[in-house]
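Line by line, the protein sequences give chains V and G.
At position 282 of the first sequence (counting the first as 1) the number is 441 in the numbering used here, and the numbers step up by one without a gap.
At position 232 of the second sequence (counting the first as 1) the number is 391 in the numbering used here, and the numbers step up by one without a gap.
Protein chains: 2
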Amino acid sequence: MAGQKGVSLKEVADKAGVSTATVSRVINSKTVVKGETELRVQKVIKQLGYRPNRVAQRLRTTRGASKLIGLLIPDIQNPFYVDIIRGIEQYAYAKNFAIVIGNFSQNEERQKFYIEILKSESVDAFIVAPFPGMNEYVKELVEEGYAVVCIDRGLANMDLDVVKVDNYQGAFDAVEHLINVGHTRIAHISGNTLIPTTIERISGYEAALNKYGIAIDRDIIVGRNSDHKSGVELSAQLLDMSNPPTAIFTSNNLLTLGALETIHSRGLKIPEQVAIVGFDDMYWAMSLNPPLTAVRQSGFEIGRITIELLHQRIADPTRPFVSIVLKTELIVRNSCGFKLKGM
Amino acid sequence: MAGQKGVSLKEVADKAGVSTATVSRVINSKTVVKGETELRVQKVIKQLGYRPNRVAQRLRTTRGASKLIGLLIPDIQNPFYVDIIRGIEQYAYAKNFAIVIGNFSQNEERQKFYIEILKSESVDAFIVAPFPGMNEYVKELVEEGYAVVCIDRGLANMDLDVVKVDNYQGAFDAVEHLINVGHTRIAHISGNTLIPTTIERISGYEAALNKYGIAIDRDIIVGRNSDHKSGVELSAQLLDMSNPPTAIFTSNNLLTLGALETIHSRGLKIPEQVAIVGFDDMYWAMSLNPPLTAVRQSGFEIGRITIELLHQRIADPTRPFVSIVLKTELIVRNSCGFKLKGM
DNA sequence: CTGAAAGCGCTTACAG
DNA sequence: CTGAAAGCGCTTACAG
Numbered sequence: 160m161a162g163q164k165g166v167s168l169k170e171v172a173d174k175a176g177v178s179t180a181t182v183s184r185v186i187n188s189k190t191v192v193k194g195e196t197e198l199r200v201q202k203v204i205k206q207l208g209y210r211p212n213r214v215a216q217r218l219r220t221t222r223g224a225s226k227l228i229g230l231l232i233p234d235i236q237n238p239f240y241v242d243i244i245r246g247i248e249q250y251a252y253a254k255n256f257a258i259v260i261g262n263f264s265q266n267e268e269r270q271k272f273y274i275e276i277l278k279s280e281s282v283d284a285f286i287v288a289p290f291p292g293m294n295e296y297v298k299e300l301v302e303e304g305y306a307v308v309c310i311d312r313g314l315a316n317m318d319l320d321v322v323k324v325d326n327y328q329g330a331f332d333a334v335e336h337l338i339n340v341g342h343t344r345i346a347h348i349s350g351n352t353l354i355p356t357t358i359e360r361i362s363g364y365e366a367a368l369n370k371y372g373i374a375i376d377r378d379i380i381v382g383r384n385s386d387h388k389s390g391v392e393l394s395a396q397l398l399d400m401s402n403p404p405t406a407i408f409t410s411n412n413l414l415t416l417g418a419l420e421t422i423h424s425r426g427l428k429i430p431e432q433v434a435i436v437g438f439d440d441m442y443w444a445m446s447l448n449p450p451l452t453a454v455r456q457s458g459f460e461i462g463r464i465t466i467e468l469l470h471q472r473i474a475d476p477t478r479p480f481v482s483i484v485l486k487t488e489l490i491v492r493n494s495c496g497f498k499l500k501g502m
Numbered sequence: 160m161a162g163q164k165g166v167s168l169k170e171v172a173d174k175a176g177v178s179t180a181t182v183s184r185v186i187n188s189k190t191v192v193k194g195e196t197e198l199r200v201q202k203v204i205k206q207l208g209y210r211p212n213r214v215a216q217r218l219r220t221t222r223g224a225s226k227l228i229g230l231l232i233p234d235i236q237n238p239f240y241v242d243i244i245r246g247i248e249q250y251a252y253a254k255n256f257a258i259v260i261g262n263f264s265q266n267e268e269r270q271k272f273y274i275e276i277l278k279s280e281s282v283d284a285f286i287v288a289p290f291p292g293m294n295e296y297v298k299e300l301v302e303e304g305y306a307v308v309c310i311d312r313g314l315a316n317m318d319l320d321v322v323k324v325d326n327y328q329g330a331f332d333a334v335e336h337l338i339n340v341g342h343t344r345i346a347h348i349s350g351n352t353l354i355p356t357t358i359e360r361i362s363g364y365e366a367a368l369n370k371y372g373i374a375i376d377r378d379i380i381v382g383r384n385s386d387h388k389s390g391v392e393l394s395a396q397l398l399d400m401s402n403p404p405t406a407i408f409t410s411n412n413l414l415t416l417g418a419l420e421t422i423h424s425r426g427l428k429i430p431e432q433v434a435i436v437g438f439d440d441m442y443w444a445m446s447l448n449p450p451l452t453a454v455r456q457s458g459f460e461i462g463r464i465t466i467e468l469l470h471q472r473i474a475d476p477t478r479p480f481v482s483i484v485l486k487t488e489l490i491v492r493n494s495c496g497f498k499l500k501g502m
């Protein structure tokens, strides 16, 4: 069980013939240390391969300096969040931050569980895509003085820094593309309407139809959850209509995959028999048949910006809240068809 | 920046009129505390909403009790590893363990970086899918007395607990299925041959061909890296041959996706013009067109078993090393075609 | 510029 | 069964 512990500050101090305070100073370089002393200490540090014990550091220092950030992710199976994690990590790597990930699997209870764990691990700050609705737990975090930045969506009951994407515009672009290519009967499979993101995408969808004078038909706007199963079932429901849509706009990647499964299982041709465009690009979207047309939101970029905001917030807790809204990009591949004559 | 710190042990002790030692005892319940005292302390704990500070606990306790496990993952974008993470997490959730993930992106330098970070975070133990080849860093970990369990592959230079899948048999089954269905000219896109897994899959491929008396043609066994790009390029190379294969067996999910991209971009029909079976199932494999036939290895199960082994190893560091080999399952969907007459 | 000392929040022999 | 005390490995006023 044992295993030798690492070299300690004290050992370095002894060997260098100085106090631990001095060694600590050269490591943190906050106060001035005489050049000669510093060199001597540095040498011993190198010699002994000394690495500060972060646990001890964290116990000692006040919040904001512990170099540990808690990351609360709704679903690690969703590639969108994986991209965000990668963006955050990139920065963490460079800045010697460590990240603890709590994957709460779209479960409020579990979100709470991870918040508790991460608190008792003394994280400096939290990055969270909050469980939808009134989120008392995340709200509490802020009230307790933690730096918090939200991704993908904010809180219903509190202002916060949030970095997200222009969901309205992204949805608008997708649907406009469908219209440009000749569709008029366009369905929308939306997600969990407790999530603001879902609502914004519905608005974008409706706005595009309005712009082109296409009446909105509530029968072909369907939604339940933002998951694969809903995609499978709702697309089936749509396709079963006596007057089925010729095109579907899906509100996220899981829904898209579900719809695709249904469409293929019925042997329907895309885009000839039914066109599809989805929110969220996937790195394997061109391996699909046909390659999928999709609204890309850069999770990586969201991650990068998020951690920058967090950094600022730790440095200045009084800075006003900001909302960063990134542009989406419509990636046109082959799942919507091409412009039809005369439309 | 501040934010009140949580309630401390001392506060609980004061309010309950006992020493901190006693409070600590009721929390860890290692020694006997008088029923009455215990009740009183429990009540105060509840009242104050006290939660032990894990950082302080970790600083104090010897290795093996800190409830923190380091997880070294080669590529968080690969859904196989995501499943493993989920399996591990499930258990962590139940046992009040916390997990720190280091995603080293197939980069040895970065693997080392994370090992250092995790060490200085005083993790109890490591779970690692080691960077291929002689892995001095992981070896060192073991020598320093950390509990280590490997996933997917072991170390070339040291015996260790490892949990993996029967790669040989999985590959064999895939290729045999291709043969049963009528193919004789079967190519193999393999991966990084430094990874034992890759080698085992090649063996399985060859064994299946041998069993049915099909000559092995080195020209159609191609391999470079285990990534998407290699899949795109190597499949193109195969398809460009004057005598191209009628079927391809790909060594992992990324390779499969890459090959699919090439096949679709050439407008080739699957399975009529080229059949494909891949190692690694993906949760969206049935959304592909056609739904992909694949060798499933349960990452979730691997994760679950891994953490159990780790638990045992922490409890008994002298237990002999074991290698757990899980079965794979061939999921037959529609990418290989059906039995042809007369074969 | 540097050291002695206190203390972060715990756990664990050692006494009693 | 319980408490006083030491100590895990650091950092940071406070003196000098």
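The C-beta atom is built at its ideal place from N, Cα and C for all residues, glycine as well.
Residue ranges of uninterrupted beta strand (DSSP E) with 3 or more members, entirely inside the segment 414–458 of chain V and ordered along the chain, are 434–438, 452–455.
Remark: three or more beta-carbon pairs, one from each stretch, lie closer than 8 Å, so the segment 454–465 of chain G and the segment 247–255 of chain G are flagged as touching. In the three-state DSSP reduction, residue 200 of chain V falls in the helix class (H, G or I). Ranked by how close their Cα comes to the Cα of residue 379 of chain V, the residues V:359, V:385, V:351, V:343 have V:343 in first place. Taking each of V:282, V:188, V:179 in turn and checking the Cα distance to residue 258 of chain V, the smallest one comes out for V:282. Bridge partners of residue 489 of chain V according to DSSP: V:454.
At least 8 Å separates the CB of residue 231 of chain G from every CB of chain V. Taking C-beta separations shorter than 8 Å and ignoring five residues to either side along the sequence, the partners of residue 431 of chain G in its chain run 496, following chain order. Look at the beta carbons and you see the segment 481–490 of chain V not touching the segment 185–193 of chain G: under three pairs across the two are nearer than 8 Å. Put simply, the backbone Cα of residue 269 of chain V is about 12 Å away from that of residue 234 of chain V. Using a Cβ-Cβ cut-off of 8 Å, residue 272 of chain G is close to 252 of chain V, given in chain order. For the segment 460–485 of chain G, the beta-carbon criterion of a distance under 7 Å to any beta-carbon of chain V is satisfied by 476.
Interface criterion not met: the Cβ of residue 183 of chain V is under 8 Å from no Cβ in chain G. Collapsing the DSSP output to three states places residue 477 of chain V in coil. Look at residue 446 of chain V: its C-beta is under 8 Å from a C-beta on chain G.
Assignment of residue 409 of chain G by DSSP, reduced to helix, strand and coil, places it in the strand class.
Listed in chain order, the non-local C-beta contacts of residue 395 of chain V below 6 Å within the same chain comprise 421, local neighbours out to five positions each way being set aside. For residue 377 of chain G, the closest of G:399, G:346, G:398 by C-alpha to C-alpha distance is G:346. The straight-line gap separating the alpha-carbon atoms of residue 305 of chain V and residue 236 of chain G is approximately 30 Å. Around residue 192 of chain G, the same chain offers 184, 185 as residues with beta carbons nearer than 6 Å, after the five sequence neighbours per side are excluded.
Judged by their CB atoms, residue 404 of chain G and residue 397 of chain G are nearer to each other than the 8 Å cut-off.
Restricted to the segment 219–254 of chain G, the beta strand (DSSP E) segments that are unbroken, complete and at least 3 residues in length are 227–232, listed in chain order. Interface with chain G (8 Å Cβ-Cβ cutoff): residue 291 of chain V is excluded. In terms of CA proximity to residue 168 of chain V, V:203 leads the group V:196, V:203, V:195. Interface flag for residue 494 of chain G against chain V is unset, since no Cβ pair is found closer than 8 Å. Taking 4 residues as the minimum length, the alpha helix (DSSP H) runs contained wholly in the segment 303–372 of chain G are 326–339, 355–370, in order along the chain. Contact of residue 247 of chain G with chain V is not assigned, every C-beta pair being separated by 8 Å or more. For residue 187 of chain V, no CB of chain G lies under 8 Å from its own CB, so it is not counted at the interface with that chain. By the neighbour-count definition (other C-beta atoms within 10 Å, threshold 16), residue 238 of chain G is a buried residue. The shortest CA-to-CA distance from residue 292 of chain V to any of V:435, V:265, V:362, V:286 is the one to V:265. Flagged as an interface residue toward chain V: residue 236 of chain G, by a C-beta distance shorter than 8 Å. Between the C-alpha atoms of residue 182 of chain G and residue 197 of chain G there is a straight-line separation of about 8 Å. Chain order gives the chain V residues near residue 260 of chain G as 260, where near means a beta carbon separation below 7 Å.
Counting only the Cα atoms, residue 392 of chain G lies some 26 Å from residue 241 of chain V. Taking the CA atoms as reference points, residue 166 of chain V sits about 11 Å from residue 279 of chain G. Pairwise C-beta distances place the segment 356–366 of chain G in contact with the segment 329–336 of chain G, as three or more of them are shorter than 8 Å.
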